[in-house]
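K.L.:
One structure, pasted below without further comment.
Numbering (our numbering), first residue to last: 115 to 229.
Dropping the structure here:
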């Protein structure tokens, strides 16, 4: 599943935290459990793990995400940007394709499919 939600005007850290919350909410609503979320922002991953304190402007998002993560048996892992090229391709695609959801690999942009 890939998606590009409208996030409004916000910092990149708030945008990353919001997308994790949106994705985890979708997983919860569709009965997906035992989830591993990988992200290339060590700062956001550490906030979601509770390893570091979240600043006030992202705290509510982090707390909601942590609550959903507990219910879904979810873990968070850091991955380097270089190892996460599909996510990078989807992030670039989402800039021009706001508020779309893809549920098939056939619908993915060519760069995200590795073609």
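Beta carbons are placed, not taken as given, at the ideal position from N, Cα and C, and that holds for glycine.
Measuring CB atoms only, is the region 183-191 touching the region 167-174, in the sense that at least three cross pairs come out at less than 8 angstroms?
P.N.:
Touching, no, given that fewer than three Cβ pairs across the two stretches are closer than 8 angstroms.
K.L.:
Residue 236 by DSSP, collapsed to three states: which one?
P.N.:
Outside the displayed range of the chain (115 to 229) lies residue 236, so it cannot be described from this structure.
K.L.:
Quick one, are the C-beta atoms of residue 138 and residue 183 less than 8 angstroms apart?
P.N.:
Here the question's residue 138 lines up with position 24 in the chain shown. Here the question's residue 183 lines up with position 69 in the chain shown. Going by C-beta atoms, residue 138 is nearer than 8 angstroms to residue 183.
K.L.:
For residue 202 and residue 167, what's the separation of their Cα atoms in angstroms?
P.N.:
If you number the chain shown from 1, residue 202 lands on position 88. If you number the chain shown from 1, residue 167 lands on position 53. Using only the alpha carbons, I get a separation of about 26 angstroms.
K.L.:
Since residue 198 and residue 157 are thought to touch, with beta carbons under 8 angstroms apart, how far apart are those beta carbons, to the nearest angstrom?
P.N.:
Here the question's residue 198 lines up with position 84 in the chain shown. Here the question's residue 157 lines up with position 43 in the chain shown. With a Cβ gap of about 15 angstroms, residue 198 and residue 157 do not count as contacting.
K.L.:
Over what stretch of residues does the beta strand (DSSP E) that includes residue 189 continue unbroken?
P.N.:
On the chain shown, residue 189 is found 75 positions in, with the first residue counted as 1. Residue 189 -> beta strand (DSSP E) spans 189-192.
K.L.:
Of the choices 144, 162 and 224, whose alpha-carbon is the least far from that of residue 133?
P.N.:
Locating residue 133 in the chain shown gives position 19, counting from the first residue. The residue with the shortest Cα to Cα distance from residue 133 is 162.
K.L.:
Could you spell out the range, first to last residue, of the beta strand (DSSP E) harbouring residue 132?
P.N.:
Working through the chain shown from its first residue, we reach residue 132 at position 18. Where residue 132 is concerned, there is no enclosing beta strand (DSSP E), although the alpha helix (DSSP H) it sits in stretches over 126-143.
K.L.:
If you reduce the DSSP assignment to three classes, tell me which class residue 222 lands in.
P.N.:
Position 108 of the chain shown holds residue 222. Of the three classes helix, strand and coil, the one that applies to residue 222 here is coil, per DSSP.
K.L.:
By the DSSP assignment, the alpha helix (DSSP H) with residue 163 in it spans what residues?
P.N.:
Along the chain shown, read from residue 1 onward, the residue named residue 163 stands at position 49. Residue 163 -> alpha helix (DSSP H) spans 156-163.
K.L.:
To the nearest whole angstrom, what separates the beta carbons of residue 130 and residue 155, a pair I think is in contact under 8 angstroms?
P.N.:
Numbered from its first residue, the chain shown carries residue 130 at position 16. Numbered from its first residue, the chain shown carries residue 155 at position 41. Confirmed, about 5 angstroms.
K.L.:
Could you give the first and the last residue of the continuous alpha helix (DSSP H) run that contains residue 167?
P.N.:
Mapped onto the chain shown, residue 167 falls at position 53. Careful: residue 167 lies outside any alpha helix (DSSP H) and carries neither H nor E.
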